[in-house]
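Novice:
In the numbering used here, the protein residues as written are 45 to 121.
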């Protein structure tokens, strides 16, 4: 989702929960309009938002989310 302030947000959900949430290590790639200056991962399961390593090439950002709890939002600025 592109926000009015220019940020792009991708909500990711962990569907591995048949016996409780099993955290999955994930990487997410998606198109953005410009080269990001910062990427953050936010989740209610985290004490604070976390900066995330990323690469950008040909209009696509690839974010190393790490272990995904129940859900998280990737915020690209």
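Backbone N, C-alpha and C fix where the C-beta goes; we use that ideal spot for every residue, glycine too.
A quick note: this is a predicted structure, and the numbers were derived from the prediction, not measured.
Could you tell me which residues DSSP puts in a beta bridge with residue 99?
Specialist: Within the chain shown, numbered from 1, the residue matching residue 99 stands at position 55. Looking at the DSSP assignment, residue 99 forms a beta bridge with 106.
Novice: Have a look at 85, 103 and 97 and flag the residue whose alpha-carbon is nearest the alpha-carbon of residue 113.
Specialist: Position 69 of the chain shown, counting from 1, holds the residue named residue 113. Taking only the C-alpha atoms, the option nearest residue 113 is 85.
Novice: With C-beta atoms as the reference, is residue 78 less than 8 angstroms away from residue 56?
Specialist: Locating residue 78 in the chain shown gives position 34, where the first residue counts as 1. Locating residue 56 in the chain shown gives position 12, where the first residue counts as 1. Not a contact, by the Cβ cut-off of 8 angstroms.
Novice: Excluding sequence positions up to five away, which residues of its chain have a Cβ less than 7 angstroms from the Cβ of residue 115?
Specialist: Within the chain shown, residue 115 is the residue found at index 71, counting from 1. For residue 115, where only same-chain residues beyond five positions count, the Cβ hits under 7 angstroms are 55, 56, 57, 58 and 87.
Novice: By how many angstroms is the C-alpha of residue 102 removed from the C-alpha of residue 60?
Specialist: As a first step, residue 60 must be located in the chain shown, where it is residue number 16. As a first step, residue 102 must be located in the chain shown, where it is residue number 58. Computed Cα separation, rounded: 32 angstroms.
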